[in-house]
Every structure is written in C-alpha cells, then in structure tokens.
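Residue numbers (my numbering): -4 to 591. Below is one structure; the comments refer to it alone.
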Amino acid sequence: MCGIIGYTGDGNDVLDVLMTGLSGLEYRGYDSAGIALTNGSLSIYKRQGELSALESALPEGGLDGEAGIGHTRWSTHGPPADVNAHPHTGPDGNVAVVHNGIIENYRALREELAADGHVFESDTDTEVVPHLIERELAAGADPEAAFREAVGRLEGSYAIAAVFAGSETVYAARNESPLVLGLGEDGHYLASDVPAFIEYTDRVIYLEDGEFARLDADEVVVTDADGTVVETSVETIAWDPEDAGKSGYDHYMIKEIHEQPDAIRKCLRERVEEMTRSITVEELANLDAPESVQFVACGTSYHAALYGARLLRERGIPAQTFLASEYDVDEIPVPPETLVVGVTQSGETADTMSALRGANRAGATTLALTNVVGSSAARECDHVMYIRAGPEIGVAATKTFASQQVALALLASTVTGAPSQSFVEGLRKLPDQVRTVLDDSSAREIAETYERADAYFFIGRKYNEAVAYEGALKMKEITYKHAEGFAAGELKHGPLALVTDRTPVFAMVTQGSKPQKTLGNVKEVEARDAPVVAVTDSRELVEPYADFVMEVPETHPAFTPILANVQLQLISYWVANRLGRSIDKPRNLAKSVTVE
Ligand code: F6R
C-alpha cells in the first residue's frame, strides 16, 4: 500500500533521508515511487517500477534540498505509470503533494476545478489536491491556509504531505490513513510507518484523524481542524533498526520464518508461569469475561482468528469469525457483553478498522490484537493486546501468524480461566519445537519435486482447518500458483474433481484433530493418483499412504497446527524460490492494506 516519507532539517541530506525512507516503506508493496525536494523551486522525480528506476532517474551528483517528501504508490486510481506516480503538482508547479488513501469526492472536485479551467495530467484521485491548493494560493492564501482549505474539501481517507516552492516547511494531515511524525535532533520526519525513519530517530508522535501538522527544522506543531494547537504525547519506539535487516538470509520471508521461535518466546514472556500453571496477560487485566466473542480480520489474520474462535468455543464461549470486509453491524447482531476482537498485524488494515469502528458504534467492547504499538487499531479499541512479533518486512505474513495464534491461545485461556497442565507445557515447549521443525524440515527437497505442479491442495480438520487455508494462501501469494485449502471433510463434496496426479495434496494428520478421518480423505486422493505429503506427529499412521512425510513434534493438540504451519511456510518459500518469484514483494500485493 502507498507509503509516505517527509523530512525537513539541516542534520541530514534530504535526498538520502527520502530514499532511505522509501526503501524502509518498500515492504508495504508499491508499483511506482517519487520524490519532491524544495530548493528555491521544486525538483520532482517519479518513476513507475522499483526504487531502482527512480534512483536511475536522479541527477548523478545528487540533489540539494531544504525539505522534501517521497512516496511509494500502490495503484488505486489509474494504472502504474510515471504520470500517475506521486508527488503531484498543480498548474503553477508551486506545490508538491503525496497522498495515501482514497479521496471519495475526487470526481466532483475534479469537475469543479475543470470548470475553473484546470487541466489534469493523471488518472489519480490525488491530483485534485495540488490543484485545490494552487487555486487558494492564486487567490492570495498563504501556504498553510491554502493547504488547510484544500484538505477541508476532501472526503475519504488520507494521509497527505505537501511542500511548497521556496519554503522549508512540510505540511501534513491525516484522516483514516496512518501518519506518524518523527522528532530528530537536527530535523523532523513524517511517514506512514516508523521503519521509514527509525534509522534517524525513535521519538514519535502519532497523528490522530482530523489533525494537521506543520514541520519545520526546529519545531513541530500539531493542530486540529479549527487550527487550535493540540497537545501531543511523544512516544519512544523500542524497535532496533538491526531487526529490520536480512541478517544474511536471501529474503526477509525466510529470515522471518526462522525468527518464529524468538517471536513466540517474546509473546509468552512474563505471561506464562509454568510452576503455578498460570497465564496472565497484563494488558487484559481490566477485560471482563465476555458472554460471546466476534472476531474480525482479513487474510492471514482471519485464519488466525478462525483458530482463536475454535479455542474459545471449545472452552464454552460462543465465538464467531467474520471477514472484516463482510462485517456489518446493521446486519450482524452484536449482543450485549460481546467482545469484538480485531486481529490485525499492522493495526491499520482499512477493512478491519472499519469493522472495529462499526463494533464501537454498536456498543461492543473492542480488543485489538496487533503487532504495531500505537497503530490505529491499538488506539481506537477499548483494549489492546500486543503479539510482540517485532517488525515483519516480507509482505507474506509468517512469524506474525505464529505470534497471533499464540496470543489467541493466551487470550482464550485468560477469558476462560485456569489452563490445563498440558496446555501450559505445550506453550512453553513451542519455541524449541518450532526450532526443531526448522532444523529438520525436508521442505526444500519436496518443493523441488513438486515445483511444476498444476495446483496445490491443503487439507486438515479441527485445529488444522485454519492452517490448511493459510498454507494455500501463502502458496498463492508468493508462487502465483493455484492453491486451495479445504476442511478435509469437504474435499469429497466438490473439490475432489480437481485432484489429479499433478496436484499434490498436503494433508495435516495429527493427534487431537481427527487423524483417522483425515486419513480417510488421504486415501481418497491417493486412490486418484494425487501425490500426498503428510504433515504429521504420527509417522507410522500415514507412511503407507504418503509420498513424503513431514514430521512435527508431539504436543498439546492446540499447538500442533502452529508447528504444521511452519512446514507449509517452508514449502511455499522453496517453491517460490525455485520459480524465481519476487518473494518479499509479490506482485499486486501490499503489506498494509489501507483501502477498503
Ligand atoms: C498474507 C497477508 C495478508 C494480511 C491481511 C491483513 O500473507 O499478509 O493476508 O494478513 O492483509 O493484514 P493485517 O493483519 O495487517 O490486518
């Protein structure tokens, strides 16, 4: 999804800050990039494609600048093209604007401006903004007044930043799209997300919806829509920039897969006490036990939510899972004492935020289960529980899925009371068991065998159902191959027609998740010549029917799917690697999906 960076100050080279910032935002997904620097006039460079395309368009000796803004674009209005890339400017070339979000009334604004003689170059919704600003400037407004007036005309979601020719000030505004300010010693920063400037400063202010910011080298002023100065709180971010490097791995994704033992350990730290067999999540100390739970989430987080809902139902709490984009409180009853849990790694996913806002309006208690401190979900929900996975740069979610599952196990246990001995033990053993899977996996060899398959199917029952969906999603995302996940019992109700000797079936056959019944489904596909890869804690059971066996250590049945999923992540990674795919930035996808 689009990313924004901005900087004003004399401590660092402006161009360096912008390019470093854009590369720190690459993980969000993008198809073009651009920058604007103020240096008396405005220098604007933008290119479709990767950052390297923008780099090669820049002048060889660098660029002087007093302030600047940059943008990675993920197309919504108009295809990826140089002309649609940001920054955009107006007819006089006096202002440059970058924008993340969607301006819903842009057609009306465009018509209004066109009637005034404005001619547009791009297909974007954003281009109306510099035109509105320049119309105000032409009418005599100063830059700040022109910026505020233009933003006041916008409906929809936006994080916007603007710089003006002949000025060192960066102006910004936010509504429903993330924007964070960074306070440095020798200048000030703004960005869609902290990794863009974490190298320069860890002191941040999160802008709220409806707020404006004016950044100068020596001062940051935040105001509300009326221009009244708002008191802000400065937070210090704990992320270490070293965490965001690849540490010798070829891709962030494989690095993050290997970080899972540590991520799980961090999620459990000070929350699980084996001696007293207790689970205490400090953030949830004031959460009343709910009568029922509704989960809202998208993609991988939705799969984690399916897992969490099952754990709660097993413990007697009615729990449902909704795709956030389908959650509509006008249609879905939200009974009193319902807890609505938004499961969202980024805490910024527009569909999930919209569902959580609906739940807030409906009077539910809301809980954000997220990775990102200070994210919109964390700030807008009544309660927040952090999964503590650390930064995840690969677009495909891996370690955050494991951490979400672990956090959901802790949540289920917190709201339902004393966990069993084996549950606590299972949690404590999990990091080492994930390490064992990582060390012993034969995924690379299996991926080589099946890299040219027509399609990949994933099946599992009970706890493994959600992981079957997740295994297929990962395979689709990074290999661009057809993959589907099914509740194993469903296979014979239709999808079996797709099964051939060119469609490997990955079957999770594990204790506590109806292994005998799943074995029946394995026999069905084996009888139709499909290659079978069994992911199992019971090798002897499946060996006669499987072409390959991928083992996972024995544990409490609730945690077996976390281990099985690691095997599936590795399979997808190695197939994608063999096929030479863009693993960390798969085509068309974005890390943080901030449009509905
Ligand atoms: C898949 C993936 C996406 C996200 C989804 C929700 O690998 O990363 O499916 O899970 O876009 O994102 P969050 O969790 O940030 O709300």
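Glycine included, every Cβ here is placed at the ideal spot set by N, Cα and C.
Report buried or exposed for residue i, applying the criterion of at least 16 other Cβ atoms within 10 angstroms of its Cβ.
| i | result |
| --- | --- |
| Asp532 | buried |
| Ala280 | exposed |
| Met545 | buried |
| Ser587 | buried |
| His488 | exposed |
| Arg534 | exposed |
| Thr589 | buried |
| Gln416 | exposed |
| Asp120 | buried |
| Pro256 | buried |
| Pro539 | exposed |
| Val216 | exposed |
| Ser187 | buried |
| Val229 | exposed |
| Ala109 | exposed |
| Met380 | buried |
Out of curiosity, what's the CA-to-CA distance linking residue i and residue j?
| i | j | result |
| --- | --- | --- |
| Ala167 | Leu13 | 16 Å |
| Gly389 | His253 | 13 Å |
| Ala413 | Ala467 | 34 Å |
| Ala483 | Asn583 | 30 Å |
| Lys241 | Tyr247 | 6 Å |
| Thr231 | Asn7 | 21 Å |
| Gly177 | Ala314 | 40 Å |
| Ala62 | Tyr195 | 15 Å |
| Thr33 | Glu226 | 29 Å |
| Phe530 | Gln562 | It should be pointed out that residue 530 corresponds to Val in this sequence rather than to Phe. Those two C-alpha atoms are separated by around 8 Å. |
| Asp87 | Thr223 | 30 Å |
| Val338 | Ala299 | 8 Å |
| Asn459 | Met503 | 7 Å |
| Ala145 | Arg266 | 48 Å |
| Thr218 | Gln506 | 58 Å |
| Glu150 | Pro552 | 49 Å |
| Lys250 | Glu129 | 47 Å |
| Val335 | Val410 | 13 Å |
| Ser437 | Ala585 | 30 Å |
| His126 | Glu45 | 27 Å |
| Thr555 | Lys424 | 11 Å |
| Val527 | Phe481 | 15 Å |
| Glu479 | Asp449 | 12 Å |
| Gly24 | Asn100 | 25 Å |
| Lys471 | Ser162 | 47 Å |
| Ser349 | Glu521 | 44 Å |
| Ile193 | Val517 | 49 Å |
| Lys469 | His477 | 11 Å |
| Leu364 | Glu55 | 46 Å |
| Ser117 | Ile64 | 19 Å |
| Thr67 | Ala156 | 13 Å |
| Ala160 | Asp181 | 21 Å |
| Val114 | Ala220 | 29 Å |
My output table needs one value for residue i: the three-state DSSP class, helix, strand or coil.
| i | result |
| --- | --- |
| Leu493 | helix |
| Tyr445 | helix |
| Phe396 | helix |
| Tyr101 | helix |
| Ala413 | coil |
| His635 | Since the displayed the chain opens at -4 and closes at 591, residue 635 lies outside it and no answer follows. |
| Val114 | coil |
| Asp211 | strand |
| Arg130 | helix |
| Thr231 | strand |
| Ala140 | helix |
| Lys586 | coil |
| Tyr166 | strand |
| Thr431 | helix |
| Lys261 | helix |
| Met545 | strand |
| Lys424 | helix |
| Gly89 | Before going further, note that residue 89 is Asn rather than Gly in the sequence given. Coil, per DSSP. |
| Tyr195 | coil |
| Glu171 | strand |
| Arg593 | Any question about residue 593 goes unanswered here, given that the chain covers just -4 to 591. |
| Lys41 | strand |
| Asn34 | strand |
| Ser567 | helix |
Any heavy atom of the ligand MN closer than 7 Å to the CB of residue i?
| i | result |
| --- | --- |
| Gln340 | In the structure on display, the ligand MN does not appear, and the ligands it does have are the ligand F6R. |
Problem - Runs of beta strand (DSSP E) wholly within the segment 265 to 298 (minimum 3 residues, chain order) - result: 287 to 292
Problem - Whole alpha helix (DSSP H) elements within the segment 460 to 533, 4-residue minimum - result: 510 to 521
Exercise for the section: Give, in chain order, every unbroken run of the beta strand (DSSP E) that is at least 3 residues long and sits entirely within the segment 299 to 379. Expected result: 314 to 318, 333 to 339, 360 to 365
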